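K.L.:
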Amino acid sequence: MPVYKDEQRGTWYFKCNYRDWQGEIKTKMKRGFATKKEAQQGEREFLDMQSGNMNMKLATFVEVYFNDKGTRLKERSIMTKRTLIETKIIPYFGEKSLNEITAVDIIKWQNLLMKQEYSPTYLRMIQNQLTALFNHAERFYDLRDNPCKKVDKMGRSNAKELNFWIKDEYEVFLETFGEGDEMYRLIFQMLFWLGC
Numbered sequence: 002m003p004v005y006k007d008e009q010r011g012t013w014y015f016k017c018n019y020r021d022w023q024g025e026i027k028t029k030m031k032r033g034f035a036t037k038k039e040a041q042q043g044e045r046e047f048l049d050m051q052s053g054n055m056n057m058k059l060a061t062f063v064e065v066y067f068n069d070k071g072t073r074l075k076e077r078s079i080m081t082k083r084t085l086i087e088t089k090i091i092p093y094f095g096e097k098s099l100n101e102i103t104a105v106d107i108i109k110w111q112n113l114l115m116k117q118e119y120s121p122t123y124l125r126m127i128q129n130q131l132t133a134l135f136n137h138a139e140r141f142y143d144l145r146d147n148p149c150k151k152v153d154k155m156g157r158s159n160a161k162e163l164n165f166w167i168k169d170e171y172e173v174f175l176e177t178f179g180e181g182d183e184m185y186r187l188i189f190q191m192l193f194w195l196g197c
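Take 2 as the starting number for the sequence shown in the numbering used here and just add one per residue.
Structure below.
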C-alpha cells in the first residue's frame, strides 16, 4: 500500500484498511515517520501484527504478546517480563522474523549470555521469557517450527541449597571465642539472631 508525505510537517505517514478480530473493516493511520522507507516498514509491521503473520519481527511480536497477555498477568509480572525481553532478547533477536529464528540462533544466544556470569536461576528466567514468546506464537498464531523445543534450557530452575546453623551449632561456635573477643562475639550474635 502507498505511504504519503505530510507536506506541512515534513514527515511521512501510512493509512491502510484492515479487518479486526470481529471481521469489521477498520482504517489505521500513523504519522511521524522520518523517511518513506520507515513509513512503509511501519505499515508492513502493523499489517503483519493484525494478520498474525509469523514473518513479523520478534520485536513486533512482543507487542502482540503483551496485548494478548496484558489482562491475564499482574502489572508487576508484565514489568518483569518486559524488562527481561527488552534487555536480553530484543537486542539479539529483535530484527529477525519469528519464523527465521533457528535452534542454532538460540544456542549462540545462550552461549553469549552464559559468558556474562549471570546466576543460573537468572539465566533460566531469561530463557523462560523467550520460550513463552515462542510457545504463544505456536499455540495461537500457528508458528510451525518452535526452535525453543529443540534446545536445552540454560540455567537452573532452583537456587542452590543454603546451609544454616541451628542453635546448637551456633552455641558450639560461640564457645571458640576467648577472653578479649567480646566485640566479635557480639557481632556474631547480632548476625545470627538477625538471620544473617
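Idealized CB from N, CA, C, for every residue including glycine.
Note that the coordinates shown come from a computational prediction; the quantities given were computed from them, not determined experimentally.
Rounded to the nearest angstrom, what separates LYS89 and ASN147 at their Cα positions?
P.N.:
So the two alpha carbons sit approximately 19 Å from each other.
K.L.:
Could you give the uninterrupted runs of the alpha helix (DSSP H) lying entirely in the segment 26-52, keeping only those of 4 residues or more?
P.N.:
Complete alpha helix (DSSP H) runs here, min 4: 37-52.
K.L.:
Any idea what DSSP makes of THR61, helix, strand or coil?
P.N.:
THR61 falls in the helix class under three-state DSSP.
K.L.:
DSSP three-state label for TYR123, please.
P.N.:
TYR123: helix per DSSP, three-state reduction.
K.L.:
Taking the C-alpha atoms as reference points, what is the distance between LEU175 and ARG186?
P.N.:
Cα to Cα, the separation comes out at about 7 Å.
K.L.:
Go ahead and pull the three-state DSSP assignment for PHE178.
P.N.:
It is coil, neither helix nor strand.
K.L.:
Looking at C-beta atoms only, is the number of pairs between the segment 2-12 and the segment 31-42 that lie closer than 8 Å three or more?
P.N.:
The answer is yes - the segment 31-42 touches the segment 2-12, with three or more Cβ pairs under 8 Å.
K.L.:
Candidates LYS75, VAL152, LYS27, LYS168: which alpha carbon is nearest ASP106's?
P.N.:
Among LYS75, VAL152, LYS27, LYS168, the Cα nearest to that of ASP106 is on VAL152.
K.L.:
Taking the alpha carbon of ASN112 as the reference point, which residue from ASN100, GLN130, LYS154, THR36 has its own alpha carbon closest?
P.N.:
Closest by alpha carbon: LYS154.
K.L.:
Can you tell which of ASN136, ALA104, LYS27, LEU74 has the C-alpha that lies nearest to the C-alpha of PHE62?
P.N.:
Taking only the C-alpha atoms, the option nearest PHE62 is ASN136.
K.L.:
Give the range of the alpha helix (DSSP H) segment to which VAL152 is assigned.
P.N.:
Looking at the DSSP string, VAL152 is not in any alpha helix (DSSP H), and its letter there is neither H nor E.
K.L.:
Quick check on TRP13: does DSSP put it in helix, strand or coil?
P.N.:
Of the three classes helix, strand and coil, the one that applies to TRP13 here is strand, per DSSP.
K.L.:
Taking DSSP as the reference, what is the three-state secondary structure of ASP143?
P.N.:
Correct three-state label for ASP143: coil.
K.L.:
Straight-line CA distance for PRO121 to GLN128?
P.N.:
Taking the straight line from one Cα to the other gives about 11 Å.
K.L.:
Nearest-angstrom Cα distance between MET55 and ARG157?
P.N.:
Distance between the alpha carbons of MET55 and ARG157 is about 30 Å.
K.L.:
Using DSSP's beta-bridge definition, name the partner residues of TYR5.
P.N.:
Note: TYR5 sits in a beta bridge opposite TYR14.
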